[in-house]
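Enquirer:
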Amino acid sequence: MTEIPEHLRKRAEAAREKAASKASDAGDAAEAGADAAAAGSSEASSEAASKIPAHLLDRSKSAKARKAAGGGDSDDSSGGGGVAVATAPAAAAVATATAPVMTGPGGNTQRLLTVVKAGSIQDVKAKPQDKVHVWPHLIVVEFVAALAVTAFTLLFSVFVNAPLLELANFNQTPNPSKAPWYFLGLQELLTMFHPMVAGVTIPGIGIFALILAPYTDRNPSNKPEDRKFAVSLFTVHMMFWAVLTMIGSFFRGPGFNFVFPWVDGLFFEL
Amino acid sequence: MERKPTSKVVSEKVGELTETVQDSQAWNSIFRPGSVFRKGYSDSPRNRSYVIMNSVLYHLHPVKVKRHAVKVSYTLCLGGLSFFLFILLTVTGIFLMFFYRPTAAAAWSDISSLQTSVAFGLLVRNMHRWGAHLMVLSVFLHMARVFYHGAYKSPREFNWVIGVILLTLTLLLSFTGYLLPWDQLALWAVTVGTNMMGFTPVFGSQVRFVLLGGAEIGTDTLLRWYVLHVLFVPFVTVIFMAIHFWRVRKDGGISGPL
């Protein structure tokens, strides 16, 4: 989606307003000109109504006069050369007189053939969008968020120490041995499935299904009410995963047996 | 003769000095147009654009974004915060690297003495640890947010794929760092984790051998995971993050509004 830059849009709007005000002015002028035309000065009205510069009007008038004169010339060439010279000024005079007759109703010297709307030739897909400057609107939000997270991490780190247990000892297996918390869902699956299924197949399929999500979800809408199935499917899986992780984290004690943390205590290190 | 008050004289001098410095070639060569430190910065659409265009950090952003894109309630800042936590972890991690040797003999005592005899050592280690857990969480929540907004739909399908790769890279970053303190928690968590990977079909034992740098966890594993943790995985992650951010803009900014 491209957007029309704001300054261009404003410029176009200003130009349109200007054109509209001018057109109304011209309309007034045309009315005034019509009165004047009744008085015999149709040239003034045609000039006022049309936006054709005066020198162009003059040029076309003189061209028409010449053409008329030339026409007279060719007509009379069969008769005699002398007459042609004499009629030429007369023809010119007639041309001058008939020139206003050849103009349109508004006194225009051009004709309107058809009106072609812009949309029928150019399909403009870009619609002006409501946009804001990143500086300061987005940068401020990001800055505050970053500051808040830094403050939270700092304060949390002041009051809670990261665990450092005794030196690694191959001969002393802690009971229970637990993976990092984000793998405890997998470790929980180990209690139900063969290690290959729990440790490789299920997470592999999970990652693969996630990667394929945009290609399997053919529903073009992103409105929640249109994608209840996708949303519920995802939510069910996430909840399932969260419950597994929490059971693995808090409800598994020595021997990875099920315990209640409020009875046997917590067997969980971050 | 009447003397001016000292404060006025001082403020005049400071003003003059500021003027001179801000007019100097050196100053103007450092701060590009749009910098708030440049002379004559004022709040205008032109300068607002320059701030973004002329800053190496900010120009990850376009000059303007859709109005709804700045709503915190839409993104919850999760993607940006994941990136910010990555930076925070890089900074704290570099600090920790000064005091750490990745050998089975030295690792644990290095961490131990870092906590007791290095200024802010304990605090920085804590921040690194909690920041890492927070990053796993925020990347995960970011993914959920994107799913619920249907933001992975055309034209953003591939960026979602990059995002899933970044999620696995984040887990890898966290997991490789887990071993480094070389305490009981690290050793046995990694034992459980790598045993699981050893069940990869067909070439399971090879996978395990490559991961451990031997048949069993030992000092070679520590070196291997250290290099993975401080260099290899961050390097790959930065590349994928660059593609991820670039695609956000190429695909027309963030999705929505719903």
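Protein chains in written order, with the numbering used here: chain Z, 68 to 337; chain X, 51 to 308. Note that beta-carbon positions come from the ideal geometry of N, C-alpha and C, so glycine has one too.
What does Z/PHE301 reach in chain X if we use C-beta pairs closer than 7 Å?
Expert: Within chain X, the residues near Z/PHE301 are PHE197.
Enquirer: Report the neighbours of Z/PHE223 on chain X: residues whose CB is nearer than 7 Å to its CB, in chain order.
Expert: Residues of chain X passing the Cβ test: TRP180.
Enquirer: Fully enclosed by the segment 183-227 of chain Z, which alpha helix (DSSP H) runs are 4 residues long or longer?
Expert: Segments of the alpha helix (DSSP H) lying fully in the segment 183-227 of chain Z: 185-188 and 201-226.
Enquirer: Which of the three DSSP states is assigned to X/PHE136 in this structure?
Expert: Reduced to three states, the DSSP call for X/PHE136 is helix.
Enquirer: For a cutoff of 7 Å on Cβ pairs, would you count X/VAL288 as touching chain Z?
Expert: It does not; no Cβ of chain Z falls within 7 Å.
Enquirer: Beta carbon of Z/GLN254, beta carbon of Z/ALA246: below 7 Å?
Expert: Closer than 7 Å, so yes.
Enquirer: Quick one: does Z/LEU256 have its CB under 7 Å from some CB of chain X?
Expert: It does not; no Cβ of chain X falls within 7 Å.
Enquirer: Pull the bridge partners of Z/ARG319 from the DSSP assignment, please.
Expert: Its beta-bridge partners are Z/PHE325.
Enquirer: Against chain X, does Z/SER316 count as a neighbour if the rule is that its beta carbon must be under 7 Å from one of theirs?
Expert: For Z/SER316, the answer is no, since every Cβ of chain X falls outside 7 Å of its Cβ.
Enquirer: How long is the line joining the alpha carbons of Z/PHE334 and Z/ASN242, rounded to whole angstroms?
Expert: Rounded to the nearest angstrom, the two C-alpha atoms are 9 Å apart.
Enquirer: Return the chain-ordered ranges of every alpha helix (DSSP H) run that is complete within the segment 211-294 of chain X and spans a minimum of 4 residues.
Expert: The qualifying runs are 234-247, 254-262 and 269-277.
Enquirer: For X/HIS111, return the contacting residues in chain Z, with the cut-off set at a CB-CB distance below 7 Å.
Expert: Neighbours of X/HIS111 on chain Z, chain order: VAL201 and LEU205.
Enquirer: Using a C-beta to C-beta distance shorter than 7 Å, which residues of chain X count as neighbours of Z/VAL298?
Expert: Under the 7 Å cutoff, chain X gives TYR198.
Enquirer: Taking its Cβ as the centre, do 16 or more other Cβ atoms sit within 10 Å of Z/MET259, making it buried, or is it exposed?
Expert: Flag for Z/MET259 reads exposed.
Enquirer: Taking 7 Å as the cut-off, decide whether the C-beta atoms of X/TRP158 and X/ASP93 are in contact.
Expert: No, Cβ-Cβ distance for X/TRP158 and X/ASP93 is not below 7 Å.
Enquirer: Buried or exposed: where does Z/LEU75 fall if 16 or more other Cβ atoms within 10 Å of its Cβ makes it buried?
Expert: Its Cβ having fewer than 16 others within 10 Å, Z/LEU75 is exposed.
Enquirer: Is there a Cβ from chain X that is less than 7 Å from the Cβ of Z/MET263?
Expert: It does; some Cβ of chain X falls within 7 Å.
Enquirer: Do the CB positions of X/SER305 and X/HIS199 come within less than 7 Å of each other?
Expert: Cβ distance < 7 Å, so X/SER305 and X/HIS199 count as in contact.
Enquirer: Look at the alpha carbon of X/PHE87 and the alpha carbon of Z/LEU256, and state the distance between them as a whole number of angstroms.
Expert: Cα to Cα, the separation comes out at about 57 Å.
Enquirer: From the DSSP secondary-structure annotation, give me the bridge partner or partners of X/VAL189.
Expert: The partner list for X/VAL189 (beta bridge, DSSP) is empty, contrary to what the question assumes.
Enquirer: To the nearest angstrom, how far is it from the Cα of X/ASN176 to the Cα of X/HIS294?
Expert: The straight-line gap from Cα to Cα measures roughly 29 Å.
Enquirer: Helix or strand or just coil, what does DSSP make of X/VAL115?
Expert: Note: X/VAL115 maps to strand in three-state DSSP.
Enquirer: Using a Cβ-Cβ cutoff of 8 Å, what residues of the segment 129-151 of chain X are near chain Z? List them in chain order.
Expert: Result list: GLY130, LEU131, PHE134, LEU135 and LEU138.
Enquirer: Answer yes or no: do X/VAL113 and X/ILE102 have a C-beta to C-beta separation smaller than 7 Å?
Expert: Yes, the pair counts as a contact, with Cβ atoms nearer than the cut-off.
Enquirer: Mark Z/GLU209 as exposed unless 16 or more other C-beta atoms lie within 10 angstroms of its C-beta, in which case mark it buried.
Expert: It counts as buried.
Enquirer: Find the nearest neighbour of X/VAL280 within the set X/ILE137, X/THR70, X/ASN104 and X/TYR108, judged by alpha-carbon distance.
Expert: Checking every option, the nearest Cα to that of X/VAL280 belongs to X/ILE137.
Enquirer: If distances are taken between C-alpha atoms only, which option among Z/MET263, Z/ILE206, Z/LYS194 and Z/LYS198 comes closest to X/SER105?
Expert: Per the Cα distances, Z/ILE206.
Enquirer: With hydrogens ignored, establish whether the beta-carbon of X/LEU221 is closer than 6 Å to any heavy atom of the ligand HEM.
Expert: Here there are no bound small molecules, and the ligand HEM is not part of this structure.
Enquirer: For a test of the three-state rule: what should DSSP assign to Z/LEU232, helix, strand or coil?
Expert: Note: Z/LEU232 maps to coil in three-state DSSP.
Enquirer: In this structure, how does DSSP classify X/GLU69 when only helix, strand and coil are distinguished?
Expert: Helix, per DSSP.
Enquirer: At least one CB of chain Z closer than 7 Å to the CB of X/LYS58: is that the case?
Expert: No, X/LYS58 does not count as interfacial toward chain Z.
Enquirer: Can you give me the C-alpha to C-alpha distance between Z/TRP329 and X/TYR228, rounded to a whole angstrom?
Expert: Rounded to whole angstroms, Z/TRP329 to X/TYR228 spans 28 Å at the Cα level.
Enquirer: Given X/GLY143, which residues of its chain have a CB within under 7 Å of its CB, disregarding the five upstream and five downstream residues?
Expert: Cβ neighbours of X/GLY143 beyond the five flanking positions: HIS178 and VAL280.
Enquirer: Using a Cβ-Cβ cut-off of 8 Å (strictly less than) and excluding sequence neighbours within five positions of X/TYR91, which residues of its own chain qualify?
Expert: Excluding sequence neighbours, X/TYR91 sits near GLY84, SER85 and ASN97.
Enquirer: Check whether chain Z comes within 7 Å of X/GLN234, counting only Cβ atoms and requiring the distance to be less than that.
Expert: So yes, X/GLN234 belongs to the interface.
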